[in-house]
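Enquirer: First residue of the first sequence: 1, per UniProt numbering; consecutive thereafter.
Ideal Cβ positions, reconstructed from N, Cα and C, are used throughout, including at glycine.
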Amino acid sequence: MDVSELIDGLNDKQREAVAAPLQNMLVLAGAGSGKTRVLVHRIAWLMQVEHASPYSIFAVTFTNKAAKEMRSRVEETIKSSVGGMWIGTFHGLSHRILRAHYRDANLPEAFQILDTDDQVRMIRRLLKAMNIDEKKWPAKQIAWYISARKDEGTRPKDIQAYDINEQLLLKVYTAYQEACDRAGLVDFAEILLRCFELLQQHPTLLRHYQQRFRYMLVDEFQDTNSIQYQWLKLLAGTENTMMIVGDDDQSIYGWRGAKIENITRFVGDFNAETIRLEQNYRSTATILKASNALIENNAERMGKSLWTEGSEGEPISVYAAFNELDESRFVASKIRSWLNAGNKLDHSAILYRNNAQSRVLEEALLQEGLKYRIYGGMRFFERQEIKDALAYLRLISNRQDDAAFERVINTPARGIGDKTLSHIRDCARNESMPLWYAAKAIVEEKHLSGRAATAISRFVEVVEKLDDSITELELAEQAQLTIEQSGLLAMYQAEKGEKGRARVENLEELISACGQYDLPIDEDFSSPLQGFLAYTSLESGEGQADEHEDAVQMMTLHSAKGLEFPLVFMVGVEEGMFPSQQSHEESGRLEEERRLCYVGMTRAMEKLYISHAESRRLYGQEKHHSPSRFLRELPDDCVEEIRIKTQVSRPAASGRFSPSVTHAVFEDSGYTLGQRVLHAKFGAGTVLNYEGSGAQSRIQVNFDDVGSKWLVTAYARLQAM
DNA sequence: CTCTGCGCACTTTTT
DNA sequence: GTGCGCAGAG
1 MDVSELIDGL
11 NDKQREAVAA
21 PLQNMLVLAG
31 AGSGKTRVLV
41 HRIAWLMQVE
51 HASPYSIFAV
61 TFTNKAAKEM
71 RSRVEETIKS
81 SVGGMWIGTF
91 HGLSHRILRA
101 HYRDANLPEA
111 FQILDTDDQV
121 RMIRRLLKAM
131 NIDEKKWPAK
141 QIAWYISARK
151 DEGTRPKDIQ
161 AYDINEQLLL
171 KVYTAYQEAC
181 DRAGLVDFAE
191 ILLRCFELLQ
201 QHPTLLRHYQ
211 QRFRYMLVDE
221 FQDTNSIQYQ
231 WLKLLAGTEN
241 TMMIVGDDDQ
251 SIYGWRGAKI
261 ENITRFVGDF
271 NAETIRLEQN
281 YRSTATILKA
291 SNALIENNAE
301 RMGKSLWTEG
311 SEGEPISVYA
321 AFNELDESRF
331 VASKIRSWLN
341 AGNKLDHSAI
351 LYRNNAQSRV
361 LEEALLQEGL
371 KYRIYGGMRF
381 FERQEIKDAL
391 AYLRLISNRQ
401 DDAAFERVIN
411 TPARGIGDKT
421 LSHIRDCARN
431 ESMPLWYAAK
441 AIVEEKHLSG
451 RAATAISRFV
461 EVVEKLDDSI
471 TELELAEQAQ
481 LTIEQSGLLA
491 MYQAEKGEKG
501 RARVENLEEL
511 ISACGQYDLP
521 IDEDFSSPLQ
531 GFLAYTSLES
541 GEGQADEHED
551 AVQMMTLHSA
561 KGLEFPLVFM
571 VGVEEGMFPS
581 QQSHEESGRL
591 EEERRLCYVG
601 MTRAMEKLYI
611 SHAESRRLYG
621 QEKHHSPSRF
631 LRELPDDCVE
641 EIRIKTQVSR
651 PAASGRFSPS
661 VTHAVFEDSG
671 YTLGQRVLHA
681 KFGAGTVLNY
691 EGSGAQSRIQ
701 VNFDDVGSKW
711 LVTAYARLQA
721 M
């Protein structure tokens with residue numbers, strides 16, 4: 001391939017980054033400025049011009065999706081397979097190193113990954129055993145604390161607990177870590193920390209990796225936390241060069257430990273050159289202008305302003321909805337017209353602040369007959385029935401896995417209750433042995449009632465039998481046999497309703513996922529099962545669903561990062577929702593919310609709608625919110641308020657209401673309403689009341705088609721009749 | 001031991 | 001409005 005092909009078609013700044021000399025570099029890349037393109041071309045450049053071997057390239061991302069995209073785009077560009085190149089997520093690459101050196105890392109060969117849910121359950125069990133009141137110390141909060149400590153590289157021994165609260169947290173942290181170590185389990189934060197310590201404590205190993213990975217590239221650097229930063233720094237050593245790409249304005253994960261400061265810290269620590277990519281290839285000039293204006297309200301910025309050569313485009317439409325139903329119908333009707341105008345649903349997206357908001361939207365889309373796809377929420381491998389099946393497989397692959405044992409010892413119900421279980425737990429704690437072996441010991445010592453003993457023996461037998469018969473089989477057959485023999489299938493088949501059926505289907509899908517799984521040849525797994533189990537923990541199972549159907553894309557603002565759509569709706573842009581209630585309280589959070597708004601707006605390529613509702617049912621309660629402050633921060637000339645235009649079915653003579661007006665139809669066309677429409681709605685309703693006359697008229701309308709129970713009342717100021 | 005009903009709490013999320 | 005943990009009855 002000709003070198004010029006690598007830089008042709010790039011703008012000056014992009015070219016500067018791609019063809020930069022071998023040195024540490026920060027590419028400050030604004031939204032839609034072609035950062036992935038730069039990373040991909042840089043890798044190709046390193047190979048073509050600097051004659052870098054694929055083995056010497058190490059590229060890190062945050063999500064599997066980003067890693068996958070980078071890999072395929074590199075292959076497309078260099079027109080061959082990425083070979084020995086390491087492209088993956090922080091967790092994926094760390095995990096790979098841990099597998100390869102599990103002994104040095106003090107882990108059993110069959111160590112498994114504990115996800116957030118498992119982690120909380122584990123802590124809950126410990127709290128019970130330690131007699132700690134869960135009301136006062138929610139397991140979730142403690143899990144949060146532990147992860148936060150690990151994210152900053154802090155072990156229990158590094159903590160000085162001054163007050164009783166800290167002391168208690170420390171005690172649980174210590175106990176939790178011991179339990180994990182005994183069971184051969186690592187949580188997500190542990191993967192990174194363990195890998196970091198492994199390299200730090202084994203200089204030969206570290207040197208090996210340092211000498212191999214001469215060229216490091218990191219995406220979305222604004223999202224790195226402390227341990228990730230230290231890990232990169234360690235691997236880079238003094239010889240290697242690193243290119244990081246990031247955007248401080250798109251840092252939206254501060255709440256889970258991401259440090260924007262890492263960008264500036266990198267520039268200092270690594271003596272890096274900075275290149276700014278500010279030309280945007282995605283959005284209209286109007287959308288960019290508004291986004292720039294918004295983000296300028298943040299004080300802590302490195303400074304950057306996006307520009308485009310593209311056209312001005314349409315103004316941003318702001319819609320004041322009466323309530324969330326009205327808002328949803330508005331969105332659905334706009335998408336309907338967009339579809340009817342010959343566009344693809346795929347190219348439209350609805351973005352919201354939290355997942356609970358998707359429900360009403362779904363209903364409106366359904367009513368409008370529009371297909372949709374929701375991203376996020378419960379992922380495939382996190383579903384209850386899937387985790388049950390996986391727990392059996394984990395226990396088969398590692399008898400020490402206490403978390404898996406606890407999960408399935410009595411699933412399906414086989415008569416092993418609390419009493420028997422606490423007996424097993426006591427025995428395990430006293431002898432410091434895994435629950436599995438404690439259970440076996442108890443049965444042999446005959447300390448148990450006949451019924452419980454038989455139940456445990458049956459359970460032990462099922463697992464051991466599966467382990468014996470399984471190893472020869474294909475992975476999918478292993479899974480199938482496990483699901484059947486464990487009794488899980490029967491249990492979920494017996495479950496009535498739509499739910500039960502869906503669960504059985506999911507179990508079947510798990511079997512087919514096993515069939516499709518390819519064991520990576522260059523990673524160190526002792527068996528396909530072990531590889532598959534790691535895969536289910538590290539890849540949450542996104543992409544199982546049918547991505548090919550044309551559908552409206554629905555997701556939270558957080559999960560929209562990195563994506564783009566011609567048509568974007570941001571809904572629920574109200575004080576208390578967005579920015580969220582909680583962000584008012586903590587300092588710095590408001591700026592993060594504003595960055596989130598910036599991220600949302602810059603997803604839009606052609607047209608952006610922003611809506612807010614006057615009134616909204618939240619957690620079963622009616623709430624009234626004012627429009628978000630972010631709306632006021634948008635320049636007037638970029639925004640158009642959508643005015644509901646009204647028709648009255650029997651208009652009063654001479655532009656006035658009269659008692660003879662009994663019915664009003666609100667549509668998307670017709671007359672203009674006053675400059676500030678407080679309440680508006682589509683559909684028809686009965687006029688209850690009116691006041692004033694002519695342009696100052698107000699009508700009160702009841703809409704009874706909304707729900708059987710409550711009537712919606714709309715006030716509208718009519719300008720012309 | 002297991003099932004049913006009540007009370008509580010509830011951002012954002014990838015790994 | 002929903003899901004989950006816990007308490008009391010079967």
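Have a look at the DSSP bridge pairing and note the partners of A110.
Expert: Its beta-bridge partners do not exist; DSSP assigns none.
Enquirer: Quick one: what's got a C-beta closer than 7 Å to V18's C-beta in the same chain, skipping five residues either side?
Expert: Cβ neighbours of V18 beyond the five flanking positions: L6, I7, L10, V38, H41, R42, W45.
Enquirer: Using CA coordinates, which residue listed in Q48, E509, D219, K171 is at the minimum distance from L26?
Expert: It is D219.
Enquirer: Please classify V49: does DSSP put it in a helix, a strand, or coil?
Expert: Correct three-state label for V49: coil.
Enquirer: Look at R425 and A129 and say whether their C-beta atoms are less than 8 Å apart.
Expert: Yes, Cβ-Cβ distance for R425 and A129 is below 8 Å.
Enquirer: Grab me the residues of P54's own chain with a C-beta within less than 8 Å of its C-beta, minus the 5 sequence neighbours each way, in chain order.
Expert: Within the same chain, P54 has close Cβ partners M47, V82, G83, G84, M85.
Enquirer: Applying the criterion that 16 or more other CB atoms from any shown protein chain within 10 Å of the CB defines a buried residue, is I442 buried or exposed?
Expert: Buried is the call here.
Enquirer: Going by C-alpha distance, which of A453, P566, P412 is nearest H423?
Expert: Nearest of A453, P566, P412 to H423, Cα basis: A453.
Enquirer: State the start and end residues of the unbroken beta strand (DSSP E) segment that holds P203.
Expert: Not the beta strand (DSSP E): P203 falls in the alpha helix (DSSP H), residues 203-212.
Enquirer: Answer with buried or exposed for Q164, where buried requires no fewer than 16 other C-beta atoms within 10 angstroms of its C-beta.
Expert: This sequence places Ile at residue 164; Gln is not what is there. So I164 ends up on the exposed side.
Enquirer: Compute the Euclidean distance between the alpha carbons of S615 and L634, then round it to the nearest angstrom.
Expert: Looking at the two C-alpha atoms, the distance is approximately 22 Å.
Enquirer: Could you give the distance in angstroms between the alpha-carbon of I610 and the alpha-carbon of L631?
Expert: Cα to Cα, the separation comes out at about 9 Å.
Enquirer: Output needed for A438: all residues of its chain with C-beta closer than 7 Å, excluding positions within five of it in sequence on either side, in chain order.
Expert: I424, C427, A428, E431, listed in sequence order.
Enquirer: Within 10 angstroms of the Cβ of D12, are there 16 or more other Cβ atoms? Answer buried if so, exposed if not.
Expert: Counting Cβ neighbours within 10 Å, D12 comes out exposed, since fewer than 16 surround it.
Enquirer: Three-state secondary structure (DSSP) at T61?
Expert: Note: T61 maps to strand in three-state DSSP.
Enquirer: Using three-state DSSP, classify Q23 as helix, strand or coil.
Expert: Here Q23 sits in coil by DSSP.
Enquirer: Extract the residue ranges of the beta strand (DSSP E) inside the stretch 570-604, only unbroken runs of 3 or more that lie entirely within it.
Expert: Counting only runs of 3 or more, we get nothing.
Enquirer: In three-state DSSP terms, what is W307?
Expert: Reduced to three states, the DSSP call for W307 is strand.
Enquirer: In three-state DSSP terms, what is E16?
Expert: Three-state DSSP puts E16 in a helix.
Enquirer: Enumerate in chain order the residues of its own chain whose CB-to-CB distance from S526 is below 8 Å, with the five nearest sequence positions on each side excluded.
Expert: Only E109, A110 meet the Cβ criterion.
Enquirer: So I386 and N506 are supposed to be a Cβ contact under 8 Å. How far apart are they, rounded?
Expert: Rounded, the Cβ-Cβ distance is 6 Å, consistent with contact.
Enquirer: Taking the straight line between their C-alpha atoms, what separation do you get for Q211 and H202?
Expert: C-alpha separation (whole angstroms): 14 Å.
Enquirer: With distances taken between CB atoms, is the gap from I57 to Y215 smaller than 8 Å?
Expert: It is a contact, given that the beta carbons lie within the stated cut-off.
Enquirer: On the three-state DSSP scale, how would you describe I424?
Expert: Helix, per DSSP.
Enquirer: By the three-class DSSP mapping on this structure, what secondary structure does F565 have?
Expert: Reduced to three states, the DSSP call for F565 is strand.
Enquirer: For Y535, count the other beta carbons within 10 Å of its own beta carbon; 16 or more makes it buried, fewer makes it exposed. Which is it?
Expert: The residue is buried, with at least 16 neighbouring Cβ atoms inside 10 Å.
Enquirer: Which residue's Cα is closest to the Cα of F62: S33, R71, I97, G92?
Expert: That would be G92, whose Cα lies nearest to the Cα of F62.
Enquirer: Just confirm the distance between the C-beta atoms of V573 and H612, as a whole number of angstroms; I'd bet it's less than 8 Å.
Expert: That belief holds up - the Cβ atoms of V573 and H612 are roughly 5 Å apart, short of 8 Å.
Enquirer: Note the first and the last residue of the continuous alpha helix (DSSP H) segment covering G88.
Expert: It is not in any alpha helix (DSSP H) - G88 instead sits in the beta strand (DSSP E) that spans 86-89.
Enquirer: Which residues does DSSP pair with E220 in a beta bridge?
Expert: In the DSSP output, where bridge partners are listed per residue, E220 has none listed.
Enquirer: Please classify Q222 as buried or exposed, where buried requires at least 16 other C-beta atoms within 10 Å of its C-beta.
Expert: It is buried - the Cβ of Q222 has at least 16 other Cβ atoms within 10 Å.
Enquirer: In terms of alpha-carbon separation, which member of V331, L170, L339, Q480 lies closest to W137?
Expert: Comparing Cα positions, the closest option is L170.
Enquirer: Measure the alpha-carbon distance for G254 versus K499 and round it to whole angstroms.
Expert: The straight-line gap from Cα to Cα measures roughly 36 Å.
Enquirer: Which value, in whole angstroms, describes the spacing of the CA atoms of L533 and L393?
Expert: In a straight line, the C-alpha of L533 is about 8 Å away from that of L393.
Enquirer: Less than 8 Å between the CB atoms is what I'm expecting for F196 and G237, so what's the real figure, rounded?
Expert: So it is not a contact: roughly 14 Å between Cβ atoms.
Enquirer: Taking 6 Å as the limit between beta carbons, can you name the residues of its chain near A653, skipping five residues before and five after?
Expert: Residue placement at A653 cannot be trusted, given a pLDDT of 30 that sits under 50; what the coordinates show is reported in the next sentence. If we look at A653 and ignore the five residues flanking it on each side, it has no Cβ neighbours.
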